[in-house]
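Input: a single structure, listed below in structure tokens.
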Amino acid sequence: MARSIMTPAFKIERDEDRCIQCGVCVRQCANDVHHQDEDGWMWVDDEKCVACQRCAVLCPTRALSIKEYPIDFRSNQHWTSPTIREIYAQAESGGVLLTGMGNPRSYKNFFDHLLLNASQVTNPSIDPLREPMELTTYLGNKSQNGSEGEKPQLELDIPIMFSAMSFGSVSINVQKSLAAAARELGTFWNTGEGGLHSDLLGYGKGAIVQIASGRFGVHPDYLENSAAIEIKIGQGAKPGIGGHLPGEKVSQEVSRARMIPAWSDAISPAPHHDIYSIEDLAQLIETLKVATRYRKPIAVKVAAVHNISAIASGVVRAGADILVIDGFRGGTGAAPMRIRDNVGIPIEMALAQVDSRLRDEGIRSQASLVVTGGIRNSADVLKSIALGADAVYIATAALLALGCHMCQMCFTGKCNWGIATTRADLTKRLNPIIGSRHAINLLTAWSHEIKEMMGGMGINAVESLRGNRLMLRGIGLTREELDLLGVKPAGE
Amino acid sequence: MRYVIIGSCIAAMGAVEGIRSIDKKGLITIIDGEQRGAYTRPLISYFLAKPYKFKDIRYRSPEFLAANGVEVINAMAEQINRTDKQVVLNDGQIIPYDHLLIATGAYPVMPDIAGIEKSWIKTFYTQADAESLNALLAEGQEAVIIGSGLIGMKAAEALWQRGLKVSIVEKDAYMLPRVLSSGSAVILNSLINGAGINIRCAEELTAVLPDHQLEFASGMKLHADLLILALGTRPRSELAVACGIKVNKGIVVNNYLQTSDENIFAAGDVIETRNILTGENEIMALLPQAHKEGFLAGCNMAGHKIAYTGGIFQNSVNIMGVSICSAGSLSDAAYTSLIWKQDEKYLELFLDGSYLYKYTAINLPELSGPLTAAIERRIMIEETAWRTFMAAPSLSTIPPAYWHKIGDIPRANTWNQ
Amino acid sequence: MTIFSAVDYEDHELLQILDETPQEEIEVRDLNGQRYIACGWKNSKKLILRGTAGNNLGAFAEGPQIVVYGNGQEGVANTMSDGQIVLHGRVGDIAGYGMRGGSLFVKGNAGYRLGIHMKAYQDKNPVIVVGSSAGAFAGEYMAGGTIIVLGLDSNRDLIGPYCGTGMYGGAIYLRGNFPEHNLAANLSQEILSIHELSDIMPYLEAFAQYFEYPLENILETPFTRLKVLVDRPFAHLYTGFVS
Amino acid sequence: MKVVALPEYCLGCGLCEIYCAAQHDGWNGNVLKAFKKGKPVNRSQLMGSSQWCWLNTCMHCTDAPCVNGCISGAMQRDPDGTVYVDTERCVGCFTCVMLCPYGHVRPWQEKHQVIKCDLCRDQKGIPACVANCPNGALQLLVEEVDAG
């Protein structure tokens, strides 16, 4: 092996005037970046640093800072530093570039080009501190026709749920945190495709259980012990490809939950091999409805891709009670970088188009629309609802609340924050009591903000905002983009 | 209820605490024959070395006694009248009792050798002993200490600190025979010899000759300006014998620290204590035991029936900067011995199957707590786990099984890979 | 035992009748491709089906004992957790998809993607025995369990192309000759003597009994066992990259 | 009152030890100053390895063997139930060390004394270890103390 042509990505700066050689950084770095020798001297191996910030956060004297490695390639707008480094990495490894979390590219962010309305004089605003504001949301088939009688609904106290993250991709303590938070918040969490760990059986009634092509952890009790069932067709971070849980994360516990050999890669390929058509999807939906005696809403999750509105129409016609669309900024535990960064479309566009299409076809009431993939704050939630969503899923934001520092190295299984790991020693770094408290705090804060913004618009129920695109105006968008989003430009 | 306690040291203070934990009102009278209050005998060597002020070797303060409503009578108990439930004092007072505690402690053992009544020959057991010794000694003198038990060793240290030339003579094969093992004695011997105290083992004093000469069984002769006899103690049980209570080597008590007279209890160095390891009753003149016995005796005197399960031999002492901790069986012959040594540290475990019976730790006091508890609580730990521990003994390497069984302490992380 | 004819029933009418029949043993005659039978059943009811069983027979089920005198269509035993299905005929595609326990015995051929994503954990060890041959992709992404293909009464290839693709656990037993070029790259082959068949002997005996086939005839031809060579075939496909 | 260590959430980071040390001996919680100017000493000690670790801190036993067995009366229990060492009176015999089954009471060799958790009784507020545990693995348990 020749010496690598790459420089480290990050540089750790240790302020010797502040370092007390306490060794906290050494003990906390699962990447073995820090080292203390027998004389007490501290050393770092920058090459291994992923900028997870764990050491910097825990350092009791703030002696550590982590910076991007200060090397500037000659300025080049085409061959940028990341582009060059990616080539080096592939030249040296021959591998597909793997990454974690959502698309970091600077594509136009339509949420940031949408403005919310507020009432002035002619339509009084509402003070949410004094007047009741209704955030309750029902998800499911709300159409009146059909002979089966009342359709099962999910009742959400807030229009925000925790998105699918499987046990294996995230630690059991993440699931415990979110499951407990969902229970307290009156909403739902999603198991992802990894089964339900026995520790979480008590949280089944607040869980949306997922079925994907690998069928990991799917059995009658799993289907029964749930609020709803979600068939995962695609994921915003990696449309068109399946799940791949690296063997590093398949611990004995994961192996038990998924019924696969420990330390092997858990693969759920892109297609469900029993679904090659909308008819096949309808058949799987019906199979699940029969298996659960029509007591559970069935959700179908697809990635936002080019012809999403046609797909959505088919999915709803196939009998899905909830349609979940995951935008191209959606997070993941592991995805090939090229796919994460280049495949799919923005959720804002997909949402606007799907909502319009379903309304045009007169089938909007047959399924609720849940969007996900890059929802960052309460304004994004509100804009999504105004664009036509019934509710949103969040995942990356929830993980940040739990301590994630966005180093994007989820696939290594060495998450220093106890989030994207299954190692027992790392898993315990996330205390679910603290984790659930943070998640609850986050969504409680968002709820307050949503109420304030809704109050400002003079709207006292989130249902009244759904699809109410008059409450949105575009800024800095082309006429075509405005048309696609179905919103007027600011000023009009 | 009227409680009378004969004696004023550790067991007596334990008893006051025990009685008061149950009975806040009953009258407690302490008969303090030594008239020194509650002080700690092991601290007299510190008194001699430094010297400490008197209050510093007090075990409990007069305020403690006042706060607990204890009446102290500075007189000797001369007789116990069991029929009338009275204690007769040397000043003629007669103290009635409902429940009596005999906590009279012990005497230092005196050898049967002619000439030991000389003024330069002392025992080292009481505050008074230390004070009279303090008045006698001068820098540069030669002191000989007979007996290398804890008392002898601490006396030696104190005299050495005061600038005397000190020799210790032990009749057994190695020093501190009730504390050390043959292996650990070698280590300690070198550490202490190196510090300047002369140690002679397997020598028995046979005669005190004129001109400060001592003669030993082997024929060895030593000069001594000062001779200290530290040959151990025996129970001060004559009051009990005289009133007809059952006495063996020490006063015999049941599990409730009750003597053969149900109204008379006894605790501390004067009684025979059940040795957990052997099940036999033995004299165990140990301070923590004395307090515990006193406390439980007090509880039982006040009407709570709390059984005393017994104790084990355990000692921790610092001599010339060397820490020595040991607990468990007095003999080490029958056990598997595991030894770890590094520089001036030494640890020896004595195992029988999965049970620890004894340990000796030199300069490793931090390990002594768990090791003592492992013996005392009969904690079963696989020998292999002990062997692993002995590869690098530290608090962190104590077998996990110990922590699991000690209670209160963290369970193992159930979330294992 | 309740016996009735399914000739007049739609899928859901039949399901409702089956649900409402309290008997532990039910025989359905004139079955004509009705779907979802025994889907999600969590009991050990015994079903005797005469005719063609429709798609997803026994899907997500845990426990039912089903005998089909006829053929099975697609998705038989799909994600089945426990129970037994004995088919006196052929079976369609994706039989035993994601199967986690129980057993599936097929007298004739199986379609594409037999036993893909099969799983096993401790006492849960699903098994599929196919009397004749299996189509393409048999055992694809297999994580555990056992697939046995016997090649009886068949002049087709024992297995179709891409057998065991992406497999990372479990074992496939093939009786007699099979086209080796149809095997995925990452598989080991081991020819077994009759004494080395103890792991699967109970299944072979059961097969012989269910379909009244002489066991000795089955045993006279040697078996080959396929297992994964490297349990992480894709471990080197990816590179972690620090940007 | 006592600090309870929960190993299922203990990271083994050791911040408890560092803040414990800096909270005592006049350093007033200033970690940087304490470690740069002096050699602060922690009372409680981190045990085990990252797989199974916990802060070995005092249980403040109601029938504390260290208090009962102390030969000099230095080991005491204050009216709140906190077991602490009166360093003026400790002679360093380590009897209490030998009596503590948790191995919590430790020798402080330089000073010929023992050292143990005093729940930061000289300071107001919750003990430094609890206040600075990043994962809630240390909790202050306040329970009724027998007034007698």
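Line by line, the protein sequences are chains A, B, C and D.
According to my numbering, the first sequence is numbered sequentially starting from 52.
According to my numbering, the second sequence is numbered sequentially starting from 92.
According to my numbering, the third sequence is numbered sequentially starting from 1462.
According to my numbering, the fourth sequence is numbered sequentially starting from 2.
Idealized CB from N, CA, C, for every residue including glycine.
Quick caveat: nothing in here was measured; it's all calculated off a predicted structure.
Check, Outcome
"Can you pull the DSSP bridge partners for B:ARG365?", "B:ASN372"
"From B:PRO501 to B:LEU442, what does the alpha carbon distance come to, in whole angstroms?", "With a pLDDT of 47 at B:PRO501, under the threshold of 50, the modelled position of this residue cannot be trusted; read the value that follows with caution. Going by the C-alpha atoms only, they are around 26 Å apart."
"Is it buried or exposed, D:VAL143, if we count other Cβ atoms within 10 angstroms and call 16 or more buried?", "exposed"
"Would you report the Cα separation of B:MET266 and B:SER422, rounded to the nearest angstrom?", "14 Å"
"I want to know whether the stretch 477-487 of chain A touches the stretch 506-516 of chain A - three or more CB-CB distances under 8 Å.", "no"
"Give a yes or no on whether 8 Å exceeds the smallest Cβ distance from C:ILE1646 to chain A.", "According to the sequence shown, residue 1646 of chain C is Ala rather than Ile. Output row for C:ALA1646: interface = no."
"Does chain C have any CB closer than 8 Å to the CB of A:ASP179?", "At residue 179 of chain A the sequence reads Pro, which differs from the Asp that was named. No, A:PRO179 lies away from the interface with chain C (no Cβ there is under 8 Å from its Cβ)."
"Does the beta carbon of C:CYS1624 come closer than 8 Å to any beta carbon on chain A?", "no"
"Is there a Cβ of chain A sitting closer than 8 Å to that of D:LYS117, yes or no?", "no"
"Is the shortest distance between the beta-carbon of D:VAL146 and the beta-carbons of chain B less than 8 Å?", "With a pLDDT of only 49 at D:VAL146, under the threshold of 50, the placement of this residue in the model should not be trusted, and no figure is reported."
"Quick one: measure Cβ to Cβ for C:ARG1561 and A:HIS270, integer angstroms, because I've assumed they're closer than 8 Å.", "6 Å"
"Which same chain residues, not among the five before or five after A:TRP240, have their C-beta less than 8 Å away from its C-beta?", "MET212, PHE213, GLN226, LEU229, ALA230, ALA232, ALA233, TYR254, GLY257, ALA258, ILE259"
"Classify A:ASP90 as buried or exposed, calling it buried when 16 or more other Cβ atoms lie within 10 Å of its own Cβ.", "exposed"
"Determine whether the Cβ of C:THR1700 lies closer than 8 Å to any Cβ atom of chain A.", "yes"
"For the beta strand (DSSP E) that contains A:HIS85, what are its first and last residues?", "85-87"
"Pick out whichever of A:PRO290, A:GLN261, A:GLY381, A:ALA288 has its Cα sitting closest to the Cα of A:ILE336.", "A:GLN261"
"To the nearest whole angstrom, what separates the beta carbons of A:VAL432 and A:TRP497, a pair I think is in contact under 8 Å?", "7 Å"
"Measure from the alpha carbon of C:MET1462 to the alpha carbon of each residue in C:GLU1474, C:TYR1470, C:ASP1469, C:PRO1483, then state which is nearest.", "C:PRO1483"
"So D:VAL32 contacts chain A; which residues on that side make the cut at Cβ distance below 9 Å?", "ILE71, CYS73, PRO111, THR112"
"Whether or not the stretch 1641-1649 of chain C and the stretch 1680-1696 of chain C are in contact is what I'm after, with contact meaning three or more pairs of Cβ atoms, one per stretch, closer than 8 Å; do they touch?", "yes"
"Taking the alpha helix (DSSP H) that C:PHE1566 belongs to, which residues open and close that run?", "Careful: C:PHE1566 lies outside any alpha helix (DSSP H), inside the beta strand (DSSP E) at 1564-1567."
"In chain order, what are the residue ranges of uninterrupted alpha helix (DSSP H) at least 4 long that sit wholly in the stretch 232-282 of chain A?", "271-275"
"Could you check if B:LEU438 is buried or exposed, using at least 16 other CB atoms within 10 Å of its CB as the buried criterion?", "buried"
"Determine the DSSP secondary structure at A:GLU67, reduced to helix, strand or coil.", "coil"
"Of all the options A:GLY464, A:PRO348, A:GLY381, which has the alpha carbon lying nearest to the alpha carbon of A:ALA355?", "A:GLY381"
"By the 10 Å Cβ neighbour count, where 16 or more other Cβ atoms means buried, how is C:HIS1656 classified, buried or exposed?", "exposed"
"Does DSSP classify D:VAL146 as helix, strand or coil?", "For D:VAL146, the predicted model reports a pLDDT of 49, less than 50, meaning its position is unreliable; a value from the coordinates is still stated below. Here D:VAL146 sits in coil by DSSP."
"Cβ closer than 7 Å: which chain E residues qualify as neighbours of A:VAL341?", "No chain E is present in this structure, whose protein chains are A, B, C and D."
"For A:ARG391, which of A:GLU143, A:ARG410, A:PHE162, A:VAL147 has the nearest alpha-carbon?", "A:VAL147"
"Determine whether the Cβ of A:ASN482 lies closer than 8 Å to any Cβ atom of chain D.", "yes"
"Closest by CA to C:THR1700, which one among A:SER419, A:ALA140, A:THR188?", "A:ALA140"
"Between B:VAL32 and B:MET92, what straight-line distance do the alpha-carbon atoms span, to the nearest angstrom?", "Nothing can be reported for residue 32 of chain B: it is not among the residues displayed for chain B, which extend from 92 to 508."
"Starting from the C-beta of C:ALA1599, find all residues in its chain whose C-beta is less than 6 Å away, skip the five residues before and the five after it, and write them out in chain order.", "LEU1575, ILE1620, CYS1624"
"State the start and end residues of the unbroken beta strand (DSSP E) segment that holds B:ASN391.", "Segment 378-392 is the alpha helix (DSSP H) holding B:ASN391; no beta strand (DSSP E) there."
"With a floor of 4 residues, list each alpha helix (DSSP H) that falls wholly inside the stretch 147-195 of chain B, ordered by position along the chain.", "153-158"
"Identify every run of the alpha helix (DSSP H) within the stretch 86-138 of chain D, keeping only runs that are complete inside it and at least 4 residues long; order them along the chain.", "96-100, 129-133"
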